[in-house]
Structure formats: structure tokens, C-alpha cells
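Chains as they are written, first to last, in the numbering used here: chain A, 1 to 372; chain B, 373 to 744.
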């Protein structure tokens, strides 16, 4: 029986895409690769909802965070990091590591960034060069309202760069880079795109290009300018992960065929199903329901249940693989991924297995739980 | 007819490995991936000829260069960059980009680093913190004698770190990290390892670990300490390129079965065959014969022949893909890769095609050419 991989990335890969991954290798400097690169960029622009160039880095998503920081800023630059969990904190930490002056706006985990708090935080800032946002916080299962956050930022700090970690949201949830006036938006291949990990994709606005020209942080591998110069020749500065491009060429075509809105609706539907089934088991959801993510659901481990024993039992008895909590949420959360190649039956099977293994561990559902 | 991919990386992939690339995705934080990671590291140590840990970065080879620099040094540190071509220059440029004081020891392209010149260069240096070396210079088809270079460095500058770019040599040509007392040695998945591009592998000596603890250059994505901390738990700090690991798990087992010395002998044989066939066509080889690479052969484009037209004809008429020259050698060289999954018949077919297409372009062999 094949594994039901229900972590928030890497995600399952459709058979057509798996097949493409094993195409014979080609020259990354030849016309065949240049054609793939052009097709992939064009298709991605449709999902980023942008006309700006999209740069490619052989990298995990965290590399794209570093790329965004070192291209846009200079040491001592002041940025506001709006953080609602582990990945927001990582983005802030990278900015600190590279010598930026970072003001953090933190929200209790499980909640989205608060619009009023952001308004206040922006009013107090001088010389603010950028704001770091997380679209979907994978550690807590919360999706920020980027449109509203960006509108407030543009009103209060019209010149600040808006950098958006969209690693676990893009391609699954609506994000309109150009309409919302975002400056750097990045994602990772192993999330909504239905291909293996190893490729980061970064879209860059004209405002961010201008910043990259002024910025003094040293950069080589992540240099946007070198990536753009190569892109204009149908290449990448360094050897790209060719077989991921083979996969993307197929998966993006599948996504275009399904349609952007239909994909968003499917993610809404599988997320609703996950939440409904969890509540029916009497389980409490971690995320504020108003901002619950359509790509990952965080469930609070019930009292008296050992979260690690539960995930192990699911893996070994059911071939269902879910994630636990990260950092201070370790052992306290179950996280179920439902992004990319996912359908209702995958979720039903996962929740059936969860119900069985909870029962095996002695769990008895209480009345529907209070949600934080 | 399948393409005969004869560039110096990415290299062809054996069918067994192609098959492994399309295995269904797994959890990168689970026990199955931890077991693969451990097997792959152990197998790689055999080929690096080291007992030191090997770190993994989702990255091209150039990322490993940047990782080596930012982990080992602080701004203003003095390093000697021994450069014999494009990739040696890239290593030096990265060091400069990050604020090191770089002394360059350059050799005319086509030649290996000169031992006497190195001896002189080292005697003049004070406070030298490191020496940057290229094992195999892919742009010129020259392999440095790292054992001899390292011996001279250790005698003159016992505390200097020796950093070796072994991207296009490791696993194909003898390199003894521990016996030669090297400090940082790195390679890329798309070269001798018979898997797709996207993974950099970096071995780190105790001397380099001590340097990494002292170094003040900011680092996050490339941080050796974070990579080591994760490795000790059977993980990587960021999502690894899982399907490249699937491939490596198979290709390294194939390599162990063939045997390290047998692999080196095969690379010697296919390189000799390439050079012999080229000379028989009256073509001049670019590399000093004493240091000619066993992984890539650079041939001088004969007078009166358009190098770009020739590579195009090979690609379109013969399905043979070779590389041209880089930077100042653009249009002046043909480069034939013979590393990784390569056998005599691949080379014979390539050279037969080269002979036909040269003739079609009007080339007539002269008496065996003078070799630079």
C-alpha cells in the first residue's frame, strides 16, 4: 500500500510528474532547457499573478528568504518582521544575521497578524526599508490576509519593500502579487507545485530591483542581478536542478488545465473536510478559524494522548504520515498537510486512520472542543 | 535515438538511477530518509577518503564555494587563490565579494598550478588564513596535483586552511582528503555521482570546524554548524532534495560495486581514448598533457572551423551534445565531458560524430598538431 503523505511538504507527486522526473538528463545550456525555462516562468507568472520576472535558485525555501534579504537591504537597514510562527521567526532571524535592524511584531501563535497592531507599529517607525510577511505560516496552520496587510503598509510606508514568504501557499491559495503591490514573493518547489524539493522561485518587482541596485550586503550565489542576466539568455547562473524543471513543466501544465480558481476551490474543500472531520472527532483546532490555512491544519494533541506515539502508530500501522509541532509546539500539535496533489479521498483516508489510532491509544471524543 | 550527453556535467544517468528518481515522495523528517542520509554519507566518505562529516546543501556547486568561504573566514582575512581557469576565478571572486583580502596566483590557462610558483607565493605571505584550490578545472580540462600542492602549503603555512573545489573530480579521480590533510572539500551531485544537479556535498576537517567557530562572516543558509547539528539527528536544516538522495542511494551502491580503483581506471581509459581519437583527427588539445583531466577534454577549435556551428551540427545531426569554451575561450574550445556514467562506446560514438561533422564543415586533418 502506498504511503499517504500528509505533511505540509514535501507533498505527493502525481504519476505523470514522477515519470517526467526520470527523463534522461539534458544540457542546461542548450535550447531544450531554455524552452522549458521559458515555459515554466510563464506558467508561474500566471500563479504568482504577476508580470514581473521570476528567478530560480537551486535551494530550499529558506534560501529564498536569504536571497530576499541580501538583495534588498544594506547593513543597518530597518525592517519590520511581522511574525506569527516558526517561519516568520526564521525570516526575522535571517534579517538579524545579516545585520539589519529588525523590529518584530509578534502575534500569539495560532493567530494571524493583527491589522490594528500593524497600523500602530508602522506609525512609530522611521526609515523603514521593508516589511517581512508570511503568507501561510506552516508551523501553526494560519494564513495571513496579505491583501489587507499590504494595503496598510502602502498607506503608511509607501516606499517600504513588502517581502512575502509564500512558500506553502502559492499555487494553492489566492495571492495577487501585482494587484496587491508586493515586491518580493517566493515559494518552494515541494509545496503546491507537486514536484520534489530543491528549487526556490522568487518574483521581484521594479521597486525591489531598484533596491537591489542600491543594496550593499555582499551576495554571490543569491544575486538577483546575475540570475536575471542569465534568465534573459534562457539560462541560470549555476547548474539548475534540471529534473525538477522536467517535473514542473508537466505539473504546471496540469495546473493550468485544472484552472487556478478550481485549484483554490479544491484546497478550500479539502481543508474544510479536514477541519470538519477533526471537529467531529472532538479535536480542537489550533488556528483562529477566521484565518485557518487551506494548505495545512494544526490539531491540538488531546490531553492524555502522546503525540509522538500517535504519529508513529499512524505511520507504522496505517502508512499515513503526518507532522508534529515544531519548536515550542513539539509534541503539542498534529499537523496535516493538504496542498498540491491532494483530493478528498486522501483526506478521508487520513482522518479514518487518525480516528482508528486515536481510539487504539484510548482516546474517547468529548463534546466538540472549544477552539482557541 | 537517445542523446549522447558529452558535456562536463550534468552527466548521463543510469537507468537504475533514473528509476529511483521517480520513487514516491517521503517525509524528510522521518526514519526512512534518516536511513538514506546515513547510507549516503557513509558511502561518500569512502570516495572523499575521509572520516570527517559530510554536509549536504540543496544547491549548485557554486553554493558550496560560498559555503566554504562564509564558514571559514572573517572580513579582511587573507587568502591565496590559486586559479587556473573560470572556476578558480569564481572561487576567488566569491572570497573578494565577502570582503576577504585575496592574493591571486594565476597560471596561463591550459596549465596546472606550478609548484615552484606556489612555494614562492607562500613564502611571501603573512597571516595567510587559507588557500583556495581547484582540483579539476572544468573550463580548461586540467587537473591539479592536489597532493603536491597541499604538501607545499602544509610545509610553508601549517595553519592555513586548504579549501578544494572537487566539483568535477571527486568520485572519478583519486582525491585523499585525510591523507593529504585537506580542510574543506566539496563536490556537486551532477558530476561524477550520476544523479541530477541540485545537491552540494561538503566535507569539513577539524581544523575547518575550529575556523568556523571563530569566523565572523554572517551566514544562515550555508551554516556548517546548523547542518552538522541536523545531520547528527539524521536530518538536514532545510528540506533536502529528496529525489536526488533516492538517486544517490542507488548510484553510490553501483559505484561501490564497481570499486573505487576500477572507476578511476575507467575514467583514465575513456580520457585516454578521447585524447587519442582527437589527436588522430589532427586536433590540438588545450591542456598541458602532463595534467590533462580524466573527466573533461578541451580541444582547440581548428582554424577555419566555426566552433558554434560545429556544436550545433553535432547536436542536431548526431544527437551528440558537447560544450564550448567559457568566457575568454568562448568559440575557441570544444569540451567533451567523460565523467560519471560513461563507457568507451559513448566516447567512440562521440568521436565518430565529431569526425563526420568536422568533415562536413570542410575540415581536413593536418599532420598531428602541436600541443600547447
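Where a beta carbon is used, it is the ideal one built from N, C-alpha and C, also for glycine.
Contact with chain B by residue 230 of chain A, beta-carbon distance below 8 Å: Residue-level contact by beta carbon fails for residue 230 of chain A and chain B, as no gap is shorter than 8 Å.
is_contact[residue 221 of chain A, chain B] using C-beta, thresh 8 Å: yes
Cutoff 8 Å: residue 281 of chain A Cβ touching any chain B Cβ: no
Cβ-based burial, residue 20 of chain A [other Cβ within 10 Å; buried from 16]: Burial call: buried.
Among B:419, B:569, B:582, B:539, nearest to residue 533 of chain B - alpha-carbon criterion: B:582
Residue 383 of chain B: contacting residues in chain A (beta-carbon distance under 9 Å): 25
Own chain, CB closer than 8 Å to residue 357 of chain A, minus 5 neighbours either side, in chain order: 310, 313, 314, 317, 318
Where residue 78 of chain A falls: helix, strand or coil (DSSP): strand
Paired residues, beta bridge with residue 58 of chain A - DSSP: A:199
Per DSSP, the bridge partner or partners of residue 509 of chain B: Residue 509 of chain B is bridged to B:514.
Beta-carbon proximity list for residue 611 of chain B, same chain, < 6 Å, skipping 5 on both sides: 400
C-beta atoms of residue 100 of chain A and residue 116 of chain A nearer than 8 Å: no
Of the residues B:567, B:529, B:520, B:569, the one placed nearest residue 548 of chain B, counting alpha carbons only: B:520
is_contact[residue 460 of chain B, chain A] using C-beta, thresh 8 Å: No, residue 460 of chain B lies away from the interface with chain A (no Cβ there is under 8 Å from its Cβ).
Simplified DSSP assignment, three categories, for residue 89 of chain A: helix
Proximal residues to residue 169 of chain A (C-beta, below 7 Å), its chain only, five neighbours per side dropped: Excluding sequence neighbours, residue 169 of chain A sits near 135, 136, 143, 175, 295.
Nearest residue (CA-CA) to residue 233 of chain A, options A:2, A:255, A:35, A:4: A:35
Assigned secondary structure, residue 5 of chain A (DSSP; H/G/I helix, E/B strand, else coil): strand
Sufficient close CB pairs (3 or more, under 8 Å) joining the stretch 638-651 of chain B to the stretch 706-721 of chain B: yes
Partner residues on chain B for residue 241 of chain A, Cβ-Cβ distance less than 7 Å: Near residue 241 of chain A (Cβ distances below 7 Å), the residues of chain B are 568, 569, 570, 613.
Contacting positions in the stretch 93-106 of chain A - beta carbon closer than 7 Å to chain B: 94, 97, 98, 99
Simplified DSSP state of residue 435 of chain B, which is helix, strand or coil: helix
Cβ pair count under 8 Å reaching 3, the stretch 428-443 of chain B against the stretch 558-578 of chain B: yes
Cα-Cα separation, residue 43 of chain A to residue 263 of chain A: 14 Å
Sheet register partners of residue 546 of chain B (DSSP bridge): Residue pairing by DSSP leaves residue 546 of chain B without any beta bridge partner.
Euclidean distance between Cα positions of residue 279 of chain A and residue 293 of chain A: 15 Å
Under 8 Å between C-beta atoms of residue 569 of chain B and residue 382 of chain B: yes
Test: residue 541 of chain B CB closer than 8 Å to a CB of chain A: no
Any chain A beta carbon closer than 8 Å to residue 610 of chain B: yes
8 Å Cβ cutoff, residue 450 of chain B in contact with chain A: no
Alpha-carbon spacing of residue 212 of chain A relative to residue 58 of chain A, whole angstroms: The straight-line gap from Cα to Cα measures roughly 20 Å.
Three-pair Cβ contact test at 8 Å for the stretch 442-461 of chain B versus the stretch 617-630 of chain B: no
Simplified DSSP state of residue 702 of chain B, which is helix, strand or coil: coil
CB contact check: residue 685 of chain B to chain A, cutoff 8 Å: no
C-beta neighbour in chain A for residue 577 of chain B, strict 8 Å: no
Residues that DSSP places opposite residue 556 of chain B in a beta bridge: B:535, B:576
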